[in-house]
Amino acid sequence: MRKDLAAPLRPAWAEIDLGAIRHNARVLASHVAPAELCAVVKAWAYGHGPVRTARAALEGGATWLGVALVEEGRQLRAAHISAPILLLSEAVPPAMSEVVRSGLTPTVYTQQGVDALAAAVVTHDLDEPFPVHVKVDTGMHRVGATPDDAVKLAADIAGRPGLELQGLWTHFAVADEPASTYTERQLERFHEVVDRLGQLGVRPPLLHAANSAAALANPDWALSMVRCGIALYGLAPSKELVDQAPCPALRPAMSLRALVSHVKEVERGERLSYGLRYELAQRSVVATVPLGYADGVTRSLSARGGEVLIGGHRLPISGTITMDQLLVDCGPDADVAVGDVVVLLGRQGGEEITAWELADRTGTIAYEVVCGVSARVPRVYR
Ligand SMILES: *Cc1c(COP(=O)(O)O)cnc(C)c1O
Numbered sequence: 151m152r153k154d155l156a157a158p159l160r161p162a163w164a165e166i167d168l169g170a171i172r173h174n175a176r177v178l179a180s181h182v183a184p185a186e187l188c189a190v191v192k193a194w195a196y197g198h199g200p201v202r203t204a205r206a207a208l209e210g211g212a213t214w215l216g217v218a219l220v221e222e223g224r225q226l227r228a229a230h231i232s233a234p235i236l237l238l239s240e241a242v243p244p245a246m247s248e249v250v251r252s253g254l255t256p257t258v259y260t261q262q263g264v265d266a267l268a269a270a271v272v273t274h275d276l277d278e279p280f281p282v283h284v285k286v287d288t289g290m291h292r293v294g295a296t297p298d299d300a301v302k303l304a305a306d307i308a309g310r311p312g313l314e315l316q317g318l319w320t321h322f323a324v325a326d327e328p329a330s331t332y333t334e335r336q337l338e339r340f341h342e343v344v345d346r347l348g349q350l351g352v353r354p355p356l357l358h359a360a361n362s363a364a365a366l367a368n369p370d371w372a373l374s375m376v377r378c379g380i381a382l383y384g385l386a387p388s389k390e391l392v393d394q395a396p397c398p399a400l401r402p403a404m405s406l407r408a409l410v411s412h413v414k415e416v417e418r419g420e421r422l423s424y425g426l427r428y429e430l431a432q433r434s435v436v437a438t439v440p441l442g443y444a445d446g447v448t449r450s451l452s453a454r455g456g457e458v459l460i461g462g463h464r465l466p467i468s469g470t471i472t473m474d475q476l477l478v479d480c481g482p483d484a485d486v487a488v489g490d491v492v493v494l495l496g497r498q499g500g501e502e503i504t505a506w507e508l509a510d511r512t513g514t515i516a517y518e519v520v521c522g523v524s525a526r527v528p529r530v531y532r
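Read in order, the letters of the sequence shown correspond to residues 151 to 532 in the working numbering.
Okay, structure coming up:
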């Protein structure tokens with residue numbers, strides 16, 4: 151076994167480059183300045199690990215963090231992270247007390263949500279009004295209040311002494327499709343709500359709408375703050391945007407690696423793995439890699455041209471990917487040994503397997519590739 155073996159028990163690991171996250175945060179923050187950067191660290195920071203990622207993003211210039219779940223926010227607070235943490239969906243009424251206790255910044259879009267939050271705030275006997283953001287649905291139709299309801303809810307919040315209407319926001323459906331005019335239509339609807347509130351004398355200090363795609367595409371859409379997830383991890387929000395500035399300036403933060411666990415020569419005509427679906431055209435060196443679909447290496451990859459890097463060369467994933475292991479046909483004269491580093495995602499020598507390459511092969515998006523690296527894979531930070 152090599153000395154650079156990163157995971158002492160299991161020779162398979164996801165390497166997280168915290169320098170890349172700091173760098174990406176810096177690139178994004180300066181791209182949208184003077185707007186603030188909210189680093190979206192939901193879903194275990196898209197597989198990168200929330201606490202380390204959040205700290206790196208804050209060091210790089212993010213001033214806010216965004217999470218999907220109360221539990222995710224609470225985990226950051228337990229790690230003594232004090233930056234404001236925005237909940238991107240409305241918490242269920244029984245969770246509002248925990249929202250207040252953990253000092254998370256709630257998003258609301260129903261009357262029930264506002265009432266539950268107000269009731270939770272009362273029981274906590276706070277010195278200051280508790281900040282809250284209202285989300286407007288301007289056309290994605292996932293969550294959010296209709297424009298009419300948003301005006302009512304925001305005015306209601308502004309009139310309650312225990313609450314402070316700190317923000318108003320929306321979310322885009324197709325910001326990753328540069329040719330679409332729908333994003334501008336959504337922004338118009340958002341500004342109509344802002345204007346109607348202004349006529350009532352209600353002016354939330356923070357207005358935000360942009361995700362990574364919108365923030366990258368048009369800094370004019372940044373308003374007071376952008377909420378970036380995928381770009382923070384160094385990945386373009388869509389394949390169309392991979393080569394578009396400033397995406398090439400971003401650095402992918404995650405790579406997925408393992409050490410070859412077993413090597414043997416297998417005769418011509420023999421077939422590999424479950425189902426015997428891959429036949430060797432010649433006598434060949436076959437390497438076993440200790441990663442499988444339970445680690446997030448999608449099973450369909452083997453039938454769709456999936457490759458790995460060993461010794462800086464692209465080699466085919468051969469035969470069915472199993473739960474814990476996969477096989478690689480290294481060819482007849484391969485110089486491959488137990489302990490050699492295998493790259494499933496990331497760079498080796500002059501070659502690179504990107505998250506978008508993997509996504510393309512398996513009919514998904516880069517988001518799902520990195521989120522899919524399972525909790526069983528140790529994360530190694532550098
Ligand atoms: C996940 C999420 C984001 C981040 O989206 P990216 O495309 O990863 O930048 C922003 N806003 C909301 C509401 C989200 O749910």
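The beta carbon of each residue, even a glycine, is placed where N, CA and C say it ideally should be.
Three-state class that DSSP yields for T438 in the structure shown: strand
Measuring CB atoms only, is the stretch 483-502 touching the stretch 354-371, in the sense that at least three cross pairs come out at less than 8 Å? no
Cβ of N361 within 8 Å of any heavy atom in ligand 1? yes
If you compare alpha carbons, which of A162, K192 and P161 is closest to C378? K192
Please classify R407: is it buried, with 16 or more other beta-carbons within 10 angstroms of its beta-carbon, or exposed? buried
Between the C-alpha atoms of L357 and M375, what's the straight-line distance to the nearest angstrom? 7 Å
Using only the alpha-carbon positions, how far apart do Y428 and S388 sit? 32 Å
Can you tell me where the beta strand (DSSP E) holding L373 begins and where it ends? It is not in any beta strand (DSSP E) - L373 carries neither H nor E in the DSSP assignment.
Considering V286, what are the terminal residues of the beta strand (DSSP E) in which it resides? Neither: V286 is in no beta strand (DSSP E) and is coded neither H nor E.
Return the CA-CA distance between E338 and T296, expressed in angstroms with no decimal places. 14 Å
Check each candidate in V523, M473, A364 and G446 and name the one with the smallest Cα separation from Y424. M473
Cβ distance (whole Å) where M290 is taken to contact F340 below 8 Å: Actually they are not in contact, since the Cβ atoms of M290 and F340 sit about 12 Å apart, beyond 8 Å.
For ligand 1, I want to know if H198 counts as a neighbour, meaning its beta carbon is within less than 8 Å of at least one of the ligand's heavy atoms. no
Nearest to R202 by CA position, among H463, S362 and D167, is which residue? D167
Grab me the residues of R131's own chain with a C-beta within less than 8 Å of its C-beta, minus the 5 sequence neighbours each way, in chain order. The structure shown does not extend to residue 131, since the chain is modelled only from 151 to 532, so the question has no answer here.
Quick one: complete beta strand (DSSP E) runs, 3+ long, within the stretch 152-223? 162-166, 186-190 and 214-217
Mind checking whether A590 and V284 have CB atoms under 9 Å apart? In this structure the chain extends from 151 to 532, so residue 590 is not present and cannot be described.
Just verifying my parser: in three-state terms, what is the DSSP assignment at Q498? strand
Taking its Cβ as the centre, do 16 or more other Cβ atoms sit within 10 Å of M151, making it buried, or is it exposed? Confidence in M151 is poor, its pLDDT being 41 and thus under 50, which makes the residue's placement unreliable; the coordinate value appears in the next sentence. So M151 counts as exposed.
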